[in-house]
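Chains Z and S are the protein sequences, given in the same order.
This note's numbering puts the first residue of the first sequence at 1, with every later residue one more than the last.
This note's numbering puts the first residue of the second sequence at 234, with every later residue one more than the last.
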Amino acid sequence: MLRLENLTKSYNDNYIFKDFSMVIEKNRITCLLGKSGSGKTTLLNVLSSITDEFKVKYSDFEKLRYSYIFQEPRLLEWYTVYKNLQFVLDNTHMSKQAIHEKIMDSLKMVEMEKYADYYPYQLSGGMAQRVSIARAFVKDFDVLLMDEPFKGLDPTQKEDITDRFLKMWRENRKTVIYVTHDLDEALYMAYDIHVLGEHPTKILYTSRNAYKMNDTERENERDKIWQILRSQI
Amino acid sequence: MKQRFLKAAAIILWLLIWQILAMIINKELLLPSPYITIKTLISKMSESSFYIALLYSLFRIIIGFLIAVVFAFILGVISGLSKNAEILLSPLITVIRSTPVMSFIILAIIWFSYNLAPLAVNIIMCFPPIYDNVVKGITNTDRKLLDMAKVYDIRPLKIFKGIYLGSVKPFLAAGMNTALGLAFRVAVAAEVLANPKYGIGTKLLQAKYNLETAEVFAWTFMILLLSYLFEYIFKIIIESRRYNAQTRKSDKVI
């Protein structure tokens, strides 16, 4: 279990979080579901220390190693696909051969190994996002953060890439915190779902073990969450 | 292909206009024709002093340019990363930018030897465009990439090499291109005033004293040719380094 207690974060006098607490189960995919502006991305930035302007009473998240799949691929345009993966590897204690194998394995998992020598500008959006998934998995991490990573993709690409991601995830079952505003995506991917809303942000509802539900249960859960999200307009 | 043809045609047209003007004026002392200019240039090329002057000038131009690149890059990176450093340097940069070249040349002649003065002026004049571009490149670095590097816990040196350097490169190339063009003009101007023992500028001054207008034209033509040649070489180096040969063949592969 990873605990975050009494997080407070504000821009001037605008409180995004005020005494916000959250528990994340380890080795599961947890979805943070909420409308745009509900502080989802800010929360990930706090957890991963992209921002350090916040107060917190207790946090298990501080000394962990993170991988992060962003909304956009965030690849280095001047590096090849291969070098983009190499960039995040700390190569001080690994042999060249080991690094090479690690990179190629990650690329194989997203079926991008043929494109190792390509530059990002030569790839389509979906392919670039696949590379960024490979980059997230090439490095050792404790927690994987994902911020609506499949937002810009068309539906077929999205389905393909989601399944590919789940397949990769099942191989090591690390802790994943997945931010989305797409209810169906959350129900499809998540074990637990925290529904975020209000201002400052609160957890309005938590759905546990969504992955164990049968179709009727899932349909009921879906309606329930839908009602909560609708009340947030 | 068509554009290339047009470019060549434009050059020929202006050469023709030059030739016609020279024929109308009909005084070699005022305006030598292109034919006379080329003829003078070729005859000069058989003298060893031609090459000595050329080499000395090129040395001042290229070395001055390279020294400026090193300083401008280092200071540009520091200023790009630290606003305070930029503020500290800004008066100096403004002074360099607004002071007439001639003032620097005169001062350089007072401070340094005749041989060194053109080199020193060249360094000073090449500095601002490169520096400005490096600062711009660093400050324009994509914040999102830096955040990514922070999450992935990348070491500072690797961030510098992988992210800052990558985003500075096109800016640095643009700055270097401007400075290179400037170097040819500034170095020769400084030579004319400082009058070192060897140099294109010295040759220009001698030609002026001897009222050899054709020679002035020939040397000027030579400077233009060299300047163009170096910019061309520079362009080729930049383009070949941008992406490797295999992927450069076709732009969008997928």
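Glycine included, each C-beta is placed from N, C-alpha and C at the ideal position.
The DSSP assignment places complete alpha helix (DSSP H) segments of no fewer than 4 residues inside the stretch 403–473 of chain S at 433–442, in order along the chain. Among the residues facing chain Z, K377(S) is included, as its CB has a counterpart in that chain under 8 Å away. Proximity of chain Z to Y397(S) at the Cβ level (cut-off 7 Å) is not reached, the minimal Cβ distance being about 11 Å. Residue pairing for H194(Z): DSSP places it in a beta bridge opposite L32(Z), T206(Z). In the DSSP secondary-structure assignment, R376(S) is not bridged to any residue. Distance from K35(Z) to G197(Z) at the Cβ level is roughly 7 Å; contact confirmed, criterion being Cβ atoms closer than 8 Å. DSSP, reduced to helix, strand and coil, places V176(Z) within a strand of the structure shown. One alpha carbon belongs to A286(S), the other to M112(Z), and they sit about 57 Å apart. In this structure, F306(S) sits away from L457(S), with a CB-CB distance that is not shorter than 8 Å.
Counting along the chain, S312(S) sits inside the alpha helix (DSSP H) bounded by residues 281–314. Below 8 Å, too few C-beta pairs join the stretch 330–347 of chain S and the stretch 270–281 of chain S to call them touching: fewer than three.
A straight line joining the alpha-carbon of V419(S) with that of G408(S) spans about 16 Å. By the beta-carbon neighbour count (other beta carbons within 10 angstroms, threshold 16), Q122(Z) is buried. The Cβ-Cβ distance between V179(Z) and L4(Z) does not fall below 8 Å. At a cut-off of 8 Å, the C-beta of K383(S) has a neighbouring C-beta in chain Z.
Taking each of T411(S), F393(S), S315(S) in turn and checking the Cα distance to N355(S), the smallest one comes out for T411(S).
Nearest to A382(S) by alpha-carbon distance, out of P120(Z), L76(Z), I16(Z), is L76(Z).
Within the model, the alpha-carbon separation for T162(Z) versus I311(S) is close to 43 Å. Listed along chain Z is no residue with a C-beta nearer than 9 Å to that of I371(S); the closest approach is about 15 Å.
Using a 10 angstroms sphere on the CB of H194(Z), the tally of other CB atoms reaches 16 or more, which defines it as buried. Of all residues in the stretch 51–70 of chain Z, the ones placed with a Cβ closer than 8 Å to any Cβ belonging to chain S are R65, Y66, S67, Y68, F70, in chain order. Chain-ordered, the chain Z residues with CB closer than 9 Å to the CB of I387(S) read F87, V88, D90. The stretch 47–55 of chain Z and the stretch 90–108 of chain Z do not touch, with fewer than three beta-carbon pairs separated by less than 8 Å. When Cβ-Cβ separations below 8 Å define contact, D365(S) makes no contact with chain Z. Two segments are said to touch when three or more pairs of C-beta atoms, one from each, lie closer than 8 Å; by this definition the stretch 204–220 of chain Z does not touch the stretch 163–176 of chain Z. Counting C-beta atoms within 10 angstroms of its own C-beta, S279(S) has fewer than 16 neighbours from the protein chains shown and is therefore classed as exposed.
I387(S) carries a coil assignment under DSSP once its states are collapsed to helix, strand and coil.
I177(Z) is positioned such that its CB atom lies closer than 8 Å to that of I24(Z). About 6 Å separates the beta carbon of Y66(Z) from that of F141(Z), a gap short enough to meet the 8 Å contact definition.
Burial check for T30(Z): the Cβ neighbour count within 10 Å reaches 16 or more, so the residue is buried. Contact between P200(Z) and K18(Z) holds: CB atoms are separated by about 4 Å, below the 8 Å threshold. About 17 Å separates the beta carbons of L144(Z) and L33(Z), which is beyond the 8 Å limit, so they are not a contact pair. Each of T41(Z), M109(Z), L107(Z), Q86(Z) was checked against the Cα of I99(Z), and the nearest Cα belongs to Q86(Z).
Under the Cβ criterion (8 Å, minimum of three pairs), the stretch 445–452 of chain S does not count as touching the stretch 366–384 of chain S. Close to S48(Z), with beta-carbon spacing below 7 Å, are these residues of chain S in chain order: V384. Under a criterion of Cβ atoms nearer than 8 Å, the residues of chain Z adjacent to K402(S) are, in order, W78.
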